[in-house]
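Chain order of the listed sequences is R and B. So the first sequence is numbered by numbering that gives the first Met the number 0: it starts at 0 and just counts up by one. So the second sequence is numbered by numbering that gives the first Met the number 0: it starts at 0 and just counts up by one. By construction, the Cβ of each residue, glycine as well, lies at the ideal position given by its N, Cα and C atoms.
Protein chains: 2
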Amino acid sequence: MAAAIAIADADGLAAVSMRAVAARLETGAASLYRYLSSRDDLLDLMADRVAAELRPYPEPDGHWLDTLLRMARAQRALHERHPWLSELIQRASAIGPETLAFFDACLGVMAPLPAPPTAKFEAIAMMNGIAVLFARQRTAGGASPFAGLDLTPYPHLVAALTQPPAAPPATDLFDRALGGLLRGLLAPDPA
Amino acid sequence: MAAAIAIADADGLAAVSMRAVAARLETGAASLYRYLSSRDDLLDLMADRVAAELRPYPEPDGHWLDTLLRMARAQRALHERHPWLSELIQRASAIGPETLAFFDACLGVMAPLPAPPTAKFEAIAMMNGIAVLFARQRTAGGASPFAGLDLTPYPHLVAALTQPPAAPPATDLFDRALGGLLRGLLAPDPA
DNA sequence: GTAAACTGCAAACGTCGTTCGCAGTTTTGG
DNA sequence: CCAAAACTGCGAACGACGTTTGCAGTTTAC
Chain R
0 MAAAIAIADA
10 DGLAAVSMRA
20 VAARLETGAA
30 SLYRYLSSRD
40 DLLDLMADRV
50 AAELRPYPEP
60 DGHWLDTLLR
70 MARAQRALHE
80 RHPWLSELIQ
90 RASAIGPETL
100 AFFDACLGVM
110 APLPAPPTAK
120 FEAIAMMNGI
130 AVLFARQRTA
140 GGASPFAGLD
150 LTPYPHLVAA
160 LTQPPAAPPA
170 TDLFDRALGG
180 LLRGLLAPDP
190 A
Chain B
0 MAAAIAIADA
10 DGLAAVSMRA
20 VAARLETGAA
30 SLYRYLSSRD
40 DLLDLMADRV
50 AAELRPYPEP
60 DGHWLDTLLR
70 MARAQRALHE
80 RHPWLSELIQ
90 RASAIGPETL
100 AFFDACLGVM
110 APLPAPPTAK
120 FEAIAMMNGI
130 AVLFARQRTA
140 GGASPFAGLD
150 LTPYPHLVAA
160 LTQPPAAPPA
170 TDLFDRALGG
180 LLRGLLAPDP
190 A
């Protein structure tokens, strides 16, 4: 399992073949089936294993939003360390004990809030999604995706690309975006 | 290509094998390579083909935010029609002319705004991400992902699940969340 | 000390993407 | 009008994949 995670970190999920994992363990591919029922099993275990890196969960001492944001930042860092994770968590079977524990901890932080459970589940889904979104942006931020393309039919695009990049924004967008979203979902609407 | 999209809509991306596509076209698998250089090529073409469904782009008559929200809603509807699309757009090679045209249209709507280009690109990425997020939530909303799991170690989870589901929120979360996000990214910060 | 259980693994099966080579057809050009 | 060239369809095969089977070799249980 650690071998599989190492391969995925290095060469992506597609490189995690039973034969590759077995080779790294200096054994045969068929031997893995003594411990795993299938490759999907292995992927599920990988997802839940790295989810353990979200521990320890922060103590809910401050405001609930601060605590949730801390947890969301941990999620983003996790997805930056393991870019392949986002491909796995959209599979329902990848929900293991560690993932559930994180869910439960989030719900624990939100427990004092009067919002209905459906809103809380939506809020957790948003946390996950935003964390993945920002992690991907940082992970794939290397090369410009417009290299080698004929951009002449797209005037606004060339205008935006020729303009020099400005300084990064002062406050972190992640906190502002997610904070606003969670507040809108969970807090009694002040509007 | 239409055959491949039909297969993906019906049975998912994994079912789009060269042999399956060829069978639906009543031909041999090798024949496809007269028109496609690889399966990845086919996937890229599929992604750009369905991106054409985003047309016609709305006229930028109202406020820029209204126009962007309309375009984001079209994206969400697209991802609900083709759930496999979200797996494709994270590949850089999937950026085709239709995708670029949509990008360009978004930038056109944002053209009067004084925000730097980087902020506008981030805003488009957020639009994409949020649209995928909401589409997935509606697509995979069928069965509860906690079926057949032992939830006893997760007290907050069982507490939330036993509570009866409340009525859905009044205003659409999609507009509120994305609107707030885009305003925060693009409009001069009033804080 | 024998029986039972467990472990490792080569070989094989079916499916996948892809390539090759060869027929059959269409287009070209003199 | 016909041969040369180009294009098209595709059966067969290659390597890699996930997975199963069967059999040795080893460990455990009684």
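Would you report the Cα separation of residue i and residue j, rounded to the nearest angstrom?
| i | j | result |
| --- | --- | --- |
| residue 158 of chain B | residue 91 of chain R | 21 Å |
| residue 34 of chain B | residue 153 of chain B | 54 Å |
| residue 172 of chain R | residue 79 of chain B | 27 Å |
| residue 149 of chain R | residue 100 of chain B | 12 Å |
| residue 19 of chain B | residue 46 of chain B | 18 Å |
| residue 190 of chain R | residue 178 of chain R | Model confidence at residue 190 of chain R stands at a pLDDT of 49, short of 50, so the residue's coordinates are unreliable and nothing is read from them. |
| residue 88 of chain R | residue 30 of chain B | 36 Å |
| residue 4 of chain R | residue 110 of chain R | 34 Å |
| residue 52 of chain B | residue 61 of chain R | 47 Å |
| residue 160 of chain R | residue 105 of chain B | 14 Å |
| residue 25 of chain R | residue 77 of chain R | 29 Å |
| residue 96 of chain B | residue 156 of chain R | 12 Å |
| residue 120 of chain R | residue 28 of chain B | 45 Å |
| residue 126 of chain B | residue 70 of chain B | 9 Å |
| residue 163 of chain B | residue 112 of chain R | 16 Å |
| residue 8 of chain R | residue 73 of chain R | 18 Å |
| residue 14 of chain B | residue 21 of chain B | 12 Å |
| residue 114 of chain R | residue 102 of chain B | 37 Å |
| residue 2 of chain R | residue 57 of chain R | 29 Å |
| residue 118 of chain R | residue 32 of chain R | 41 Å |
Along the chain, where does the alpha helix (DSSP H) containing residue i start, and where does it finish?
| i | result |
| --- | --- |
| residue 75 of chain R | 63-80 |
| residue 173 of chain R | 172-185 |
| residue 4 of chain B | 1-10 |
| residue 154 of chain R | 154-161 |
| residue 38 of chain R | 38-50 |
| residue 107 of chain R | 96-109 |
| residue 128 of chain R | 116-138 |
| residue 86 of chain R | 84-87 |
| residue 19 of chain B | 17-23 |
I'd like to know whether the C-beta of residue i is nearer than 8 Å to at least one C-beta of chain B.
| i | result |
| --- | --- |
| residue 113 of chain R | no |
| residue 7 of chain R | no |
| residue 124 of chain R | yes |
| residue 155 of chain R | yes |
| residue 53 of chain R | no |
| residue 136 of chain R | yes |
| residue 59 of chain R | no |
| residue 175 of chain R | yes |
| residue 91 of chain R | yes |
| residue 162 of chain R | yes |
| residue 13 of chain R | no |
| residue 184 of chain R | yes |
| residue 76 of chain R | no |
| residue 3 of chain R | no |
| residue 147 of chain R | no |
| residue 130 of chain R | no |
Could you tell me whether any Cβ in chain R is nearer than 8 Å to the Cβ of residue i?
| i | result |
| --- | --- |
| residue 101 of chain B | no |
| residue 94 of chain B | yes |
| residue 63 of chain B | no |
| residue 44 of chain B | no |
| residue 84 of chain B | no |
| residue 27 of chain B | no |
| residue 180 of chain B | yes |
| residue 68 of chain B | no |
Taking residue i and residue j to be in contact with their CB atoms under 8 Å, please state how far apart those CB atoms are, rounded to whole angstroms.
| i | j | result |
| --- | --- | --- |
| residue 59 of chain B | residue 66 of chain B | 5 Å |
| residue 133 of chain B | residue 75 of chain B | 5 Å |
| residue 6 of chain R | residue 144 of chain B | The pair is not a contact, with the Cβ atoms about 27 Å apart (cut-off 8 Å). |
| residue 85 of chain R | residue 38 of chain R | Rounded, the Cβ-Cβ distance is 18 Å, inconsistent with contact. |
| residue 122 of chain R | residue 41 of chain R | Going by Cβ atoms, the distance from residue 122 of chain R to residue 41 of chain R rounds to 31 Å, so no, they are not a contact pair. |
| residue 180 of chain B | residue 176 of chain R | 5 Å |
| residue 44 of chain R | residue 174 of chain R | Contact flag wrong, Cβ pair sits at about 32 Å. |
| residue 108 of chain R | residue 63 of chain R | 5 Å |
| residue 139 of chain R | residue 98 of chain R | So it is not a contact: roughly 24 Å between Cβ atoms. |
Run the CB neighbour count on residue i, radius 10 Å, all protein chains shown included, and call it buried at 16 or more, exposed below.
| i | result |
| --- | --- |
| residue 23 of chain R | exposed |
| residue 81 of chain B | buried |
| residue 183 of chain B | buried |
| residue 16 of chain B | exposed |
| residue 0 of chain B | exposed |
| residue 116 of chain B | buried |
| residue 10 of chain B | exposed |
| residue 128 of chain R | buried |
| residue 146 of chain B | exposed |
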